[in-house]
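In our numbering, the protein residues as written are 212 to 654. Structure first, commentary second.
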Amino acid sequence: TRTLLEQTGVNPKDVEVVGVSGQMMGAVFLDSAGAPVRPAIIWADTRSQQQCATLIERLGQEAAYKQLGHRLNPTYSITKVMWVRDHEPDVFNRTSTVCNAKDFVAFRLTDVLVTDPSDASSTNAFDQHLGTWSVQVLEAAGISPALLPTVVPSTTIIGTVTRRASEATGLIEGTPVVIGGGDGPTAAAGVGIVDPADGAYAYLGSSSWISLASNEPLLDLPLMRTMTFNHVLPGRYVPTATMQAGGGSLHWVADLLADRDDGDRFTRLVADADTTDASGEGLYFLPYLLGERSPLWNPNARGAFVGLSRNHGPAHLTKAVLEGVAFNLGICVDAFRDRGVVIDRVDAIGGGAASDVWLQVLADSWDCTVRRRTIVDEANSLGAAVTAGVGVGLFSDFTAARSLSHVTSEFTPDPARVADYRRHRAIFVDAYECLEPWFERNA
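In structure tokens:
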């Protein structure tokens, strides 16, 4: 924080309020003094598959989905807590509270440990209908509700910056702190997706997702391809479809094909990829480097190039990655459309949104307009700021975010490419279905 204040030239006295956001679906284990007792477990960690299987057996997948808005899956917090209990009993016995990343940061600022509905809904233990921790899930998991923080609205002023936090960060002692929310819902707020009429947004970071806003949880039954988080806007929800390695797949192939010290490697590789047609030349990439959440929900899935030949070079590999991520997210877009959601425009954010080539691939694959806004990498931070601003009365409502950014580029689908990609996506799906038994045998 001190470095940020120095780099921006912001006077700490001008900071009206601090809002917090952070990665979701993790687990930070704290002792009674609020000190971590082990390294945090992040969203991408799926070590708790056995614990998840136990929950599914006890609760039933569809029944849990209806209550939680999410499938039971080892990417969520509650099975991570179960895993630590089962495999690290000494650590578990020293644990007083388990929270998410942003809750720990807010605690270090204020000495107040709470969470909000958006992060609570990322634990697989939050009843979206009651707005409370799920008694049924916690009983099935064998986890005491006393381990979980109190849930307060995302706009709640939970305290102020303490003297100790002021000395550590450079923020002024007494500055209000609003609890904020998880990165997905705050990004939705930052890009202006707060009402069902606001369209959808796509985040192209390490993981990638498609999200929109709704007035109630949006259930994708019976397939359960999508999930629903609570929004930072009270009474609203964020239906979402998240893949594990979206931008992460591009980062992986860039590290594979270029020197990591080459700061221009992404730009150069993507520019070269634009000269090729990977799927049109028989090459497909399954972007399941970390298993997969939406739409497959298969932690045993793995990445694969399918259809490689001597005619394919580095540019084809990169283009196949761009297309594979687009195909996978396109299945998610259609999952929402199957539920009656109209998606004719998507605002793209995250590091991948800087690429014209990728945004055009997405527009052609999804058959909708994809837009880039002035806020690309900072949508999450902007959403946290707006949430905090609403909390202290600086903003009257969450629509403030819309005036803080504007559209800079639009990418419209090419009808011929839409038809081509529709055909190639079917082959992409076939490739996964053919390999799925192999993934399971080698899990």
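Here a beta-carbon is modelled for each residue, glycine too, at the ideal position from N, C-alpha and C. None of the values given here were measured: they were computed from a predicted structure.
If you draw a straight line from the Cα of Arg634 to the Cα of Pro360, it comes to about 48 Å.
In this structure, Asp485 is the residue among Arg556, Glu384, Gly446, Asp485 with its C-alpha nearest to the C-alpha of Glu534. Apart from the 5 residues on each side of it in sequence, Phe650 sits with its Cβ closer than 6 Å to the Cβ of Asn511, Ala512, Arg513 in its chain, given in chain order. Within the DSSP secondary-structure output, Val517 pairs in a beta bridge with Tyr495.
Short of 7 Å from the beta carbon of Gly381, and not among the five residues preceding or following it, lie these beta carbons of its own chain, in chain order: Thr212, Arg213, Leu216, Pro223. Taking C-beta atoms as the reference points, Cys310 and Asn284 fail to come closer than 9 Å. As the crow flies, the alpha-carbon of Pro506 is around 17 Å from that of Trp254. Going by C-alpha positions, Val481 is about 10 Å away from Val532.
Per DSSP, Val449 is one residue of the beta strand (DSSP E) stretching across 448 to 454. With a threshold of 16 other beta carbon atoms within 10 Å, Thr308 meets it and is buried. Gly551 and Gly502 have their C-alpha atoms spaced approximately 28 Å apart.
Rounded to the nearest whole angstrom, the CA to CA distance from Val557 to Tyr276 is 26 Å. The residue from Gly602, Leu615, His617 with its alpha-carbon nearest to that of Pro445 is Gly602. DSSP lists Trp420, Ile560 as the bridge partner or partners of Tyr414. Contiguous beta strand (DSSP E) elements confined to the region 523 to 587 occur at 556 to 560, 580 to 584, taking only those with 3 or more residues. The Cβ atoms of Val581 and Ala590 do not sit closer than 9 Å to each other.
Counting the other CB atoms within 10 Å of its CB gives Gln261 a total below 16, which places it among the exposed residues. Here the alpha carbons of Ala565 and Thr610 stand approximately 24 Å from one another.
In this structure, the CA atom of Phe622 is about 21 Å from the CA atom of Leu615. The continuous stretches of beta strand (DSSP E) do not include Ile404, and DSSP gives it neither H nor E.
Judged by DSSP secondary structure, Gly458 falls within the alpha helix (DSSP H) whose first and last residues are 458 to 468. Remark: C-beta atoms of Asn441 and Pro498 do not approach each other more closely than 9 Å. Around the beta carbon of Ser259, a 10 Å sphere encloses 16 or more other beta carbons of the protein chains shown; the residue is thus reported as buried. For Ser288, the closest of Gly385, Met454, Trp344 by C-alpha to C-alpha distance is Trp344. The beta-carbon distance between Pro387 and Asp327, rounded to whole angstroms, is 15 Å. This is too long to meet the 8 Å contact definition. Look at the beta carbons and you see the region 418 to 429 not touching the region 638 to 646: under three pairs across the two are nearer than 8 Å. Counting only the Cα atoms, Ile560 lies some 23 Å from Arg471.
Beta-bridge partners assigned by DSSP to Ser365: none are found.
In the three-state reduction of the DSSP assignment, Phe240 falls in the strand class. Excluding five sequence positions before and after Tyr414, the CB atoms of its chain that fall closer than 7 Å to its own CB belong to Ala398, Trp420, Ile560, Gly561, given in chain order. Looking at the DSSP output, Gly393 sits in a beta bridge with Gly233.
If you keep only unbroken beta strand (DSSP E) runs of at least 3 residues inside the region 303 to 389, you get 308 to 310, 368 to 371.
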